[in-house]
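Protein chains: 2
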Amino acid sequence: MPHSPDAASEPRAFLRSLFDAAVAAVDPARIVPRHLDGLPRRHRGRTVVLGAGKASAAMAQAVERCWDGPIEGLVVTRYGHALPCERIEIVEAAHPVPDAAGLAVSRRMMELARSLTADDRVIALISGGGSALLTLPADGISFEDKRAVNAALLKSGANIGEMNCVRRHLSAIKGGRLGAACGPASVLTLVLSDVPTDDPAVVASGPTIADTSTVANAIEILRRYKIELPPAVQAFLAARAAQPVAAPTALGPREHRMIATAQHALEAAAAVARAAGIAPLILGGSIEGESRDVALVHAGIARQIAQHGQPARAPAVILSGGETTVTVRGDGRGGRNMEFALALAIALDGAPGIHALACDTDGIDGVEDAAGSLIAPDTLTRMRAVGIDPRAALARNDAYPPFAALGDLVVTGPTHTNVNDFRAILIQADQDT
Amino acid sequence: MPHSPDAASEPRAFLRSLFDAAVAAVDPARIVPRHLDGLPRRHRGRTVVLGAGKASAAMAQAVERCWDGPIEGLVVTRYGHALPCERIEIVEAAHPVPDAAGLAVSRRMMELARSLTADDRVIALISGGGSALLTLPADGISFEDKRAVNAALLKSGANIGEMNCVRRHLSAIKGGRLGAACGPASVLTLVLSDVPTDDPAVVASGPTIADTSTVANAIEILRRYKIELPPAVQAFLAARAAQPVAAPTALGPREHRMIATAQHALEAAAAVARAAGIAPLILGGSIEGESRDVALVHAGIARQIAQHGQPARAPAVILSGGETTVTVRGDGRGGRNMEFALALAIALDGAPGIHALACDTDGIDGVEDAAGSLIAPDTLTRMRAVGIDPRAALARNDAYPPFAALGDLVVTGPTHTNVNDFRAILIQADQDT
Chain A
1 MPHSPDAASE PRAFLRSLFD AAVAAVDPAR IVPRHLDGLP RRHRGRTVVL
51 GAGKASAAMA QAVERCWDGP IEGLVVTRYG HALPCERIEI VEAAHPVPDA
101 AGLAVSRRMM ELARSLTADD RVIALISGGG SALLTLPADG ISFEDKRAVN
151 AALLKSGANI GEMNCVRRHL SAIKGGRLGA ACGPASVLTL VLSDVPTDDP
201 AVVASGPTIA DTSTVANAIE ILRRYKIELP PAVQAFLAAR AAQPVAAPTA
251 LGPREHRMIA TAQHALEAAA AVARAAGIAP LILGGSIEGE SRDVALVHAG
301 IARQIAQHGQ PARAPAVILS GGETTVTVRG DGRGGRNMEF ALALAIALDG
351 APGIHALACD TDGIDGVEDA AGSLIAPDTL TRMRAVGIDP RAALARNDAY
401 PPFAALGDLV VTGPTHTNVN DFRAILIQAD QDT
Chain B
434 MPHSPDAASE PRAFLRSLFD AAVAAVDPAR IVPRHLDGLP RRHRGRTVVL
484 GAGKASAAMA QAVERCWDGP IEGLVVTRYG HALPCERIEI VEAAHPVPDA
534 AGLAVSRRMM ELARSLTADD RVIALISGGG SALLTLPADG ISFEDKRAVN
584 AALLKSGANI GEMNCVRRHL SAIKGGRLGA ACGPASVLTL VLSDVPTDDP
634 AVVASGPTIA DTSTVANAIE ILRRYKIELP PAVQAFLAAR AAQPVAAPTA
684 LGPREHRMIA TAQHALEAAA AVARAAGIAP LILGGSIEGE SRDVALVHAG
734 IARQIAQHGQ PARAPAVILS GGETTVTVRG DGRGGRNMEF ALALAIALDG
784 APGIHALACD TDGIDGVEDA AGSLIAPDTL TRMRAVGIDP RAALARNDAY
834 PPFAALGDLV VTGPTHTNVN DFRAILIQAD QDT
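Chains as they are written, first to last, in my numbering: chain A, 1 to 433; chain B, 434 to 866.
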């Protein structure tokens with residue numbers, strides 16, 4: 001393990017080293033090869049890679065680099081996330097709102113799947129973000145209809161599991177439909193999870209994993225969040241709800257493996273902290289809730305550590321992952337991790353010796369050019385000194401500009417992996433105040 | 434320590450025993466006497482008890498019972514919270530929305546305070562809820578004006594510290610003004626804290642504790658939560674903001690002690706758990722945030738314990754206190770603890786071996802006749818079996834009827850103490866599912 005910066009004298013660098021260790025632990029280049037060890041490189045049929053997600057180009061590159069037999073394939077990733085591949089075609093498309101490129105590649109991927117025989121093997125490389133990238137509306141629904149529902153869901157406060165349930169039922173490719181199209185071929189799915197439950201059917205809406213949810217579930221979610229439906233969608237769902245489910249056709253062998261999760265990332269950060277003599281407190285890899293309220297709870301726990309040495313003794317670092325949500329109220333800039341960081345700074349109100357980092361492990365918090373941000377005891381003071389009202393910024397969901405103004409953004413560029421949020425709150429020892 | 438019910442076979446009774454231990458640890462009858470040990474029972478002047486809060490009648494009774502010298506006084510508590518006293522007058526008034534009885538007793542208390550001399554000693558008994566009970570509008574503001582602002586604040590999502598800051602600046606008795614009226618007399622204030630920071634100036638709006646907040650702070654809070662102000666209040670605040678602060682007059686000796694806090698209650702519950710072989714994880718005594726989101730975070734931590742043995746190994750119990758808030762969206766019944774419990778049950782979605790209790794330590798969750806409620810893995814199933822949709826109930830802030838229907842309310846009656854919320858989440862060992 002590399003020597004990490006000193007938590008007492010270099011808290012920012014220390015927190016950054018935890019984040020870097022977390023991301024490295026879920027880097028496809030390191031973890032994909034070991035899951036391909038048992039697969040024969042040469043066999044009667046074709047070896048075809050299919051994939052979708054922010055990390056899927058990196059996963060495809062990792063496959064190519066360790067694969068010495070014939071291989072081909074088609075993988076879709078987010079704009080800016082492609083990596084050079086020689087034998088597997090990498091296509092870029094839009095995320096989080098799907099576009100025509102995603103639609104076109106989804107059609108081609110379904111065609112490729114349908115061309116496979118019982119002699120063929122599929123390696124499916126699935127990661128977070130794939131839900132928007134694999135976009136093929138169910139019969140009778142237009143691309144625009146589906147996009148409208150998706151955009152409304154993203155703003156509604158629905159969690160990722162709920163959003164994906166709806167997406168699956170409006171799709172011709174999600175919810176196991178790509179896997180079904182592979183028919184008699186064998187399919188090994190490698191999943192890099194960005195969802196709280198680490199449920200393979202939920203990551204990227206499980207294109208190769210049979211769906212256990214029903215159209216009734218999807219309808220309930222749309223009602224719960226008061227999503228306005230285009231008439232065609234309404235008609236489609238009503239017809240589906242009234243229809244009997246078709247019997248499944250005979251499929252080739254199916255296997256899936258969760259190759260990277262939030263837990264892996266948190267454990268790696270914990271190991272770095274432990275080696276530096278800082279007690280790690282892993283709260284959980286599946287923390288959900290409104291960002292600003294999740295921040296309040298984290299602040300309460302940090303205060304408890306500082307004041308009472310519970311549930312851990314300082315110096316300690318609280319580690320948590322999962323996916324918080326932001327109910328958009330204002331028109332500001334910033335993702336959920338920056339919003340968390342700003343709310344945390346406000347809740348801690350300058351509490352001495354408490355520093356924190358909140359970042360998206362994919363390197364892009366929301367739609368910004370930063371992974372997240374850092375806070376320190378002087379964050380609010382420094383914001384006010386440059387004319388920023390932290391509470392007003394939070395009220396309009398505008399966390400990006402304040403952190404940009406302070407130089408406290410964490411900028412990594414795309415990490416080519418994605419196990420969702422990463423939060424680390426360092427409580428230093430012995431604050432004599 | 435009494436033998437507690439078995440956590441594996443009697444999880445409900447076990448959780449209830451933790452709550453009972455928590456409440457007992459902050460029971461005025463047990464803790465008040467030791468703080469009066471050093472006070473002379475007989476001296477030249479009068480010994481006068483002044484007090485306000487849900488626990489203050491119980492505190493007054495505890496004073497009387499251990500006091501063998503002359504004593505007199507006036508204490509206001511919430512309707513239903515009076516206890517028989519012989520020498521100290523106990524008056525009841527309305528909470529959380531003040532009424533005329535509170536107004537009248539506040540006037541009398543100020544008169545009593547002004548009658549004191551340098552020979553007199555005051556024992557001030559302050560506890561949560563006193564902010565509504567001690568109600569005396571500042572000059573020029575009508576009782577109705579103040580009540581309107583207060584009602585709007587309670588629905589706004591403002592936290593208790595913010596609400597009390599505003600209340601202090603619209604009051605002629607809060608924010609140290611009662612203490613100032615005691616003039617040359619000595620004042621010992623015993624505080625039973627129901628606020629996250631355990632700041633004596635915040636509990637019951639600190640009637641005997643000098644206020645460090647400013648009228649500008651109050652104005653900022655009213656703006657932040659978009660509280661509509663009656664014209665008289667607007668005029669008063671504008672005038673105050675423009676005025677120079679008056680120099681303080683000479684006062685007699687002042688002392689205050691925090692005699693009971695959420696931390697004391699949590700530690701007592703932790704001791705019971707530890708004795709029963711259940712690892713206690715005290716998350717914090719000052720957890721704030723929207724109830725349903727705080728529940729999501731607690732659910733994430735409980736899942737982490739069940740699945741990964743972090744940050745504690747099962748069997749374990751998560752303990753937390755503080756004051757969550759409920760942004761009222763629907764017209765349902767139920768307090769913030771029941772709302773937390775319902776949201777927690779929904780988030781856990783039947784996770785095996787996880788049981789929880791969420792109660793207000795004062796015995797009254799919101800305006801209901803129960804302290805809170807219990808959940809178990811079968812809570813949602815049982816609700817649905819009696820025709821209740823748990824998510825729909827949560828959406829309209831209607832947690833009371835579902836728990837009442839299941840017989841899962843925790844009913845204690847008024848406990849005569851108040852250190853705010855108490856939450857205990859039991860994660861049993863070895864769930865083979």
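Ideal placement from N, C-alpha and C gives every residue a C-beta, glycine not left out.
Owing to the predicted nature of the structure, the values given are computational and were not obtained by experimental measurement.
- The beta carbon of ARG824 of chain B falls within 8 Å of a beta carbon belonging to chain A, placing the residue at that interface.
- With respect to ALA424 of chain A, ALA314 of chain A sits apart: the two C-beta atoms are not nearer than 8 Å.
- For PRO280 of chain A, the uninterrupted beta strand (DSSP E) segment begins and ends at 279-290.
- Going by DSSP, VAL508 of chain B is part of the beta strand (DSSP E) stretching over 505-511.
- Beta-carbon to beta-carbon, PRO11 of chain A and HIS355 of chain A are separated by about 4 Å, close enough to satisfy the 8 Å threshold.
- Residues of the stretch 622-638 of chain B with a C-beta less than 8 Å from any C-beta of chain A: PRO629, listed in chain order.
- GLU290 of chain A belongs to the set of residues whose beta carbon lies under 8 Å from a beta carbon in chain B.
- Between LEU483 of chain B and LEU507 of chain B, the C-beta spacing is below 8 Å.
- Under the DSSP assignment, HIS697 of chain B falls in the alpha helix (DSSP H) whose first and last residues are 695-708.
- 8 Å or more divides the Cβ of PRO835 of chain B from the Cβ of ILE797 of chain B.
- Annotation: GLY478 of chain B to THR550 of chain B spans about 8 Å, alpha carbon to alpha carbon.
- Ranked by Cα distance from SER156 of chain A, the first of A:SER213, A:GLU290, A:LEU18 is A:GLU290.
- The straight-line gap separating the alpha-carbon atoms of GLY799 of chain B and TYR833 of chain B is approximately 10 Å.
- For GLY128 of chain A, the CB contacts under 8 Å within the same chain, skipping 5 residues up- and downstream, are GLY53, LYS54, ALA55, LEU192, SER193, ASP194, VAL195, VAL203, ALA204, ASP362, ASN418, VAL419, ASN420 in chain order.
- Under the three-state reduction of DSSP output, ASP20 of chain A falls in the helix class.
- When C-beta atoms of the stretch 568-584 of chain B are compared with those of the stretch 661-679 of chain B, three or more pairs fall below 8 Å, so the two segments count as touching.
- Nearest in C-alpha terms to ARG34 of chain A, of all of A:LEU296, A:ARG257, A:ARG224, is A:ARG257.
- ALA780 of chain B places its beta carbon 8 Å or farther from that of VAL844 of chain B.
- At least one beta carbon of chain B lies nearer than 8 Å to the beta carbon of LEU296 of chain A.
- Contacts with chain A at 8 Å (Cβ-Cβ) do not include PRO835 of chain B.
- As DSSP reads the structure, CYS165 of chain A sits in no beta bridge.
- For the stretch 699-718 of chain B, the set of positions with a beta-carbon nearer than 8 Å to some beta-carbon of chain A reads LEU714, ILE715, LEU716, GLY717, GLY718 in chain order.
- In this structure THR77 of chain A is in contact with GLU92 of chain A, their Cβ atoms being roughly 6 Å apart against a cut-off of 8 Å.
- A Cβ of chain A is located within less than 8 Å of the beta carbon of ILE720 of chain B.
- Using beta-carbon distances, PRO748 of chain B does not count as an interface residue toward chain A, since no partner is under 8 Å.
- In this structure, ALA634 of chain B places its C-beta atom within 8 Å of the C-beta atom of ILE642 of chain B.
- In this structure, the beta-carbon distance from ALA345 of chain A to LEU380 of chain A falls below 8 Å.
- At a Cβ-Cβ threshold of 8 Å, ALA515 of chain B and ALA614 of chain B do not count as neighbours.
- Residue-level contact check: GLN737 of chain B touches chain A, since one or more beta carbons of chain A fall below 8 Å from its beta carbon.
- With a minimum length of 4 residues, the unbroken runs of alpha helix (DSSP H) contained wholly in the stretch 144-210 of chain A fall at 160-169, 177-181.
- Per DSSP, reduced to three states, the secondary structure at CYS359 of chain A is strand.
- Taking each of A:MET110, A:GLY130, A:LEU426 in turn and checking the Cα distance to HIS95 of chain A, the smallest one comes out for A:GLY130.
- With the rule of 3 Cβ pairs closer than 8 Å, the stretch 326-341 of chain A counts as touching the stretch 389-398 of chain A.
- Under the three-state reduction of DSSP output, PRO663 of chain B falls in the coil class, being neither helix nor strand.
- Listed along chain A are ILE282, each with a C-beta nearer than 7 Å to that of GLN743 of chain B.
- A distance below 6 Å between beta-carbons, with the five flanking residues on each side excluded, links SER646 of chain B to the following residues of its chain, in chain order: CYS598.
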